[in-house]
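S.K.: If you read the sequence shown in this note's numbering, its first letter stands for residue 841, the second for the next number, and so on. Using N, Cα and C, we set each Cβ at its ideal position, and we do this for glycine too. Keep in mind that this is a model prediction, so the values were computed, not measured. One structure is given below, represented as structure tokens, and several questions about it will come after.
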Amino acid sequence: MTWGEGLVTILGAVILVVGTWITARFSRKTGEEANETAASQARTADWAAFMAEQREWTERQLKEQDERTEQQLAERDRRIDRLEERLNLVEAKYKAAIAYIRRIVRQLQRHVDPEDIETPPPEISPDL
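Written out as structure tokens, the structure reads:
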């Protein structure tokens, strides 16, 4: 083996070592990037699943709240209807009572001096 052949052998070995080192480094970087990409995709998938779950939960909560609101509004409407019925009944009774008081006062005025008739309470005086 000549000096030239030895040099070629050593140079070939050095190139082989450097090439192997570069290939290993590139493969490691590519593997790390692939791992990072996979991890990023997993995080994105987790985030998407979380958001979908949150959206479903929010929709359920809003639907339940709408149902409660509808029930409350229906109950309020029933109460208003009952109060209107009671108000109409009280108003009819009040009008009948005022008409009755007017008739009695007219009869009293025929038999009693008007100064002896007690004045009505101020709450109903305008209605008489």
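Who are the near neighbours of isoleucine 957 in its chain, counting only those whose CB is closer than 8 Å to its CB and skipping five residues on each side?
M.R.: Val945, Leu948 and Gln949
S.K.: Assign proline 966 to one of three DSSP states: helix, strand, or coil.
M.R.: helix
S.K.: Helix, strand or coil for threonine 884, going by three-state DSSP, please let me know.
M.R.: Three-state DSSP puts threonine 884 in a helix.
S.K.: By DSSP, does threonine 959 sit in helix, in strand, or in coil?
M.R.: coil
S.K.: For a quick check, are the C-beta atoms of isoleucine 938 and leucine 902 less than 9 Å apart?
M.R.: no
S.K.: Rounded to whole angstroms, what's the CA-CA distance from glycine 859 to aspartate 886? Just pull it up for me.
M.R.: 40 Å
S.K.: Looking at the structure shown, is threonine 842 part of a helix, part of a strand, or coil, going by DSSP?
M.R.: coil
S.K.: CA-CA distance, valine 952 and glutamate 963?
M.R.: 24 Å
S.K.: Using three-state DSSP, classify valine 952 as helix, strand or coil.
M.R.: coil
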